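Down below is the structure, laid out as structure tokens.
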Amino acid sequence: MNNKLVLGTVQFGCQYGINSAGRPDEKTVLEILDLAYHSGITNLDTSSAYGNAEYILGKVLSASDSSFQIISKYPESGKSVATVLDQTLTDLHVSSVYGYLLHHFRVYQNNPEIWKEFLDLKERGKLKKIGFSLYSPSELEILLTDDVPFDLVQFPYNVFDRQFEPYLELLHKRGVEIHVRSTFLQGVFFMVRERLPEKLKPLAPYLTKLDDYAQATDMTVAEVALNFNLQNPFIDGVLIGVDSVGQLQDNLRNISERKVELSIDVKEKELLNPGNWK
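Using full-length UniProt numbering, you'd call the opening residue of the sequence shown number 1 and step up by one each time.
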């Protein structure tokens, strides 16, 4: 199961998540990447929008024996896709990347012609797979209706947020590589229940259900959440972000063959999008 983990790198370039411990230094980044590589993790997720994460990655990996398939993203930008990608490749010290996603779907909606740039760069061998980072099933519906060709997709999915579940088998049958993020709802699953921010308090009863299931199955919340995603046969990659070697070790230890079966239906769907927490 280790090879289904995708190591997120946003923490390497900027603070991220509700429980962020801050950015790790380059020595720590090297240690994290070495452990990931030797543990069978093959994919890294990054973006030129993540501060200087790509520059840090390129610098550290060029001094390391570790090698990965890198997935980056094109952010909202006034520059062409080729220009932004060239900077990414320069920062990463590589001539091509495994995957390249359109970071914000509204960029495609405002300018569908931009997809031709992605297809051209793939044709030229700079990208192996192209796709989209999505936030809602309505975005995926547009792509399917427009019959847009893509090889890779990333969207939120976890024990609370299963909005994309009806599409998993369809995408899998089409040969689309499926990566999911927000496995731990950006740290909300680990927050002290009595100290939830006012905006997130409606999630309290659902968190209690998660706690009860974990206790009943003699697992931790982290084990339940991680393995719920890893055990889905249609999911190819489960994105995790870490600030330290210890956090990565914890995630690796939490991988289990024990079947996770639970269904928690969160009514307040708007709270599943971190963009609505502010």
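All C-beta atoms, glycine included, are put in the ideal place defined by N, C-alpha and C.
Bear in mind the structure is a predicted one, so any value in this text is a computation, not a measurement.
- Per DSSP, reduced to three states, the secondary structure at VAL266 is coil, with no helix or strand assignment.
- Taking 7 Å as the cut-off, the beta carbon of LYS129 is found no closer than this to the beta carbon of SER96.
- Setting aside the 5 residues that flank it on each side, ILE56 is surrounded in the same chain by PHE12, GLY13, GLU26 and VAL29, each with a C-beta closer than 7 Å to its C-beta; the list follows chain order.
- Inter-residue distance for LEU170 and ALA36 is about 31 Å (C-alpha atoms, whole angstroms).
- In the DSSP secondary-structure assignment, PHE132 is bridged to LEU102 and VAL153.
- Take GLY40, set aside five residues on each side of it, and the residues of its chain with a beta-carbon closer than 6 Å to its own are ASN2 and ASN3, in chain order.
- VAL180 is bridged by DSSP to PHE155 and VAL238.
- The straight-line gap separating the alpha-carbon atoms of VAL260 and SER80 is approximately 44 Å.
- Going by DSSP, ASP45 is part of the beta strand (DSSP E) stretching over 43-45.
- Counting along the chain, GLN69 sits inside the beta strand (DSSP E) bounded by residues 69-74.
- If you draw a straight line from the Cα of GLY131 to the Cα of LEU152, it is about 5 Å long.
- DSSP, reduced to helix, strand and coil, places LEU248 within a helical segment of the structure shown.
- For PHE184, the closest alpha carbon among the candidates TYR135, ASN251 and LYS173 is that of ASN251.
- C-alpha of ARG253 to C-alpha of PRO112: approximately 43 Å in a straight line.
- Going by C-alpha positions, GLN69 is about 18 Å away from VAL242.
- For LEU5, the uninterrupted beta strand (DSSP E) run begins and ends at 5-8, by DSSP.
- Annotated as distal: VAL148 and ALA225, with beta-carbon spacing of 7 Å or more.
- VAL221 has its alpha-carbon roughly 15 Å from the corresponding atom of GLN247.
- Using a Cβ distance threshold of 7 Å, SER133 and GLN163 do not count as a contacting pair.
- Taking a contact as a CB-CB distance under 8 Å, the pair VAL180 and LEU140 does not count as one, their CB atoms being some 13 Å apart.
- Per DSSP, the beta bridge partners of VAL97 are LEU127.
- Setting aside the 5 residues that flank it on each side, LEU121 is surrounded in the same chain by VAL81, ALA82, LEU85, TYR100, LEU127 and ILE130, each with a C-beta closer than 8 Å to its C-beta; the list follows chain order.
- If the five residues before and after SER64 are omitted, its C-beta is found closer than 7 Å to the C-beta atoms of LEU30, LEU33 and ASP34, all from its own chain and listed in chain order.
- Burial state of VAL192 is exposed, judged by a 10 Å Cβ sphere holding fewer than 16 other Cβ atoms.
- GLY22 is classed as exposed because its beta carbon has fewer than 16 other beta carbons within 10 Å across all chains shown.
- Rounded to the nearest angstrom, the Cβ distance from LEU89 to ASP45 is 16 Å, too far for a contact under 8 Å.
- In the structure shown, ASP120 adopts helical secondary structure according to DSSP, grouped into three states.
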